[in-house]
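Shown next, in structure tokens, is the structure this report addresses.
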Amino acid sequence: MKTLALLVAMLISNFFIQAQDDSKGITITVTVPNVTSSEGEVLFGLYDENTFMKAAPIQGEKSSIKDGTAKIIFTNVPKGVFAISCFHDKNGNNRMDFEENGMPKESYGVSNNNMSYGPPMWADAKFEVGTKDLDLEIRM
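Following the working numbering, the numbering of the sequence shown begins with 942 at its first residue and continues without gaps.
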């Protein structure tokens, strides 16, 4: 009888612990509405401040292009500050191509759509992830 009572108590406490677990994070849906051709794919990266323009993304996704639009979903994103970048990988080599002078050959965009001269800046691209799912649009 004691064993049964202990088992029931453990099951109930496990239920409450799982009910209070919010570590699953949120979903970020990203749409690029202005891709110039259907060639290749659009590659997306989700970054934090330590990885933005410096290292591999925390999460990466690829999207095919349909009617000039690319769309992906990042899942299980924790609370925090992030930025997203994307580029149109026309030739399918999974990297952004540049001219000899350093100018990009392929279209790109970043969260918040701040496109100034030079490489994207963290301060311009960052956004906060809280407790609600997000829908973002990035223009190239």
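Ideal Cβ positions, reconstructed from N, Cα and C, are used throughout, including at glycine. Just so you know, these numbers come straight off a predicted model, no measurement behind them.
Q: For VAL1022, count neighbouring Cβ atoms within 10 angstroms of its own Cβ and tell me buried if that reaches 16, exposed if not.
A: VAL1022 counts as exposed, since fewer than 16 other beta carbons sit within 10 angstroms of its beta carbon.
Q) Taking just the CA atoms, how far does ILE1013 sit from GLU1002? A) 7 Å
Q) For TYR1058, does the count of other Cβ atoms within 10 angstroms reach 16, so buried, or fall short, so exposed? A) The residue in question, TYR1058, is exposed, as its Cβ has fewer than 16 Cβ neighbours within 10 Å.
(Q) Here's a check: name, in chain order, each residue in its chain whose Cβ is nearer than 8 Å to the Cβ of LYS1031, leaving out the five neighbours to either side. (A) SER978, GLU980, GLY981 and GLU1047
Q. Going by C-alpha distance, which of THR992, GLY1009, GLY1071 and PRO998 is nearest PHE894?
A. The displayed coordinates of the chain run from 942 to 1081. Any statement about residue 894 would go beyond what the structure contains.
Q | Cβ-based neighbour list, LEU1075, same chain, cut-off 6 Å, excluding 5 preceding and 5 following | A | ILE969
(Q) Using a Cβ-Cβ cutoff of less than 6 Å, which residues in the same chain neighbour PRO1019 once the five nearest sequence positions on both sides are dropped? (A) GLY966
**Q.** Residue interval of the beta strand (DSSP E) (run including ASP1127)
**A.** This structure cannot settle anything about residue 1127, because the visible part of the chain is limited to 942 through 1081.
Q) Expressed to the nearest angstrom, what Euclidean distance is found between the alpha-carbon atoms of PRO1060 and GLU1040? A) 14 Å
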